[in-house]
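Reading through the structure tokens given below for one structure.
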Amino acid sequence: MSSTYLAFGKFVRERRESLGKTQKGFAKEVGISPAYLSDIENGNRRAPEKYLISFAKALSITDPDNLNEFYDMAGLSQRGQHSDI
250 MSSTYLAFGK FVRERRESLG KTQKGFAKEV GISPAYLSDI ENGNRRAPEK YLISFAKALS
310 ITDPDNLNEF YDMAGLSQRG QHSDI
């Protein structure tokens, strides 16, 4: 398990929980299965790039600086940089 996968997953879990969203509800909102979300949050899988906008929206990340930081964290979890760079 990569620590960058875990850092991104931990961020997603903590932010989701702080918003009072269940794993099942959040997964449905984003368009992935709860099992896949669980794997992301536990650092066992990467978040697919095509879902990052949905993740950011569901996590209520709207500030440009926070959004850039979110995408950077996601990019690091994918062993590189986000494609917007």
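Using this note's numbering, read the sequence shown as starting at 250 and increasing by one per residue.
Glycine is no exception: its CB is placed at the ideal position from the N, C-alpha and C atoms.
> When you compare only the Cα positions, how much space is there between Met222 and Arg295?
Replying inline: With the chain represented from 250 up to 334, any question about residue 222 goes unanswered, as that position is not in the structure.
> How many Å lie between Arg265 and Pro313 at the Cα?
Replying inline: Against the sequence shown, residue 265 aligns to sequence position 16. Against the sequence shown, residue 313 aligns to sequence position 64. Rounded to whole angstroms, Arg265 to Pro313 spans 19 Å at the Cα level.
> Mind checking Ser309: buried by the 16 CB within 10 Å criterion, or exposed?
Replying inline: For the purposes of this step, residue 309 is taken as the residue at position 60 of the sequence shown. Exposed is the call here.
>> What would DSSP say about Pro359, mapped onto helix, strand or coil?
In response: The structure shown does not extend to residue 359, since the chain is modelled only from 250 through 334, so no value can be given for it.
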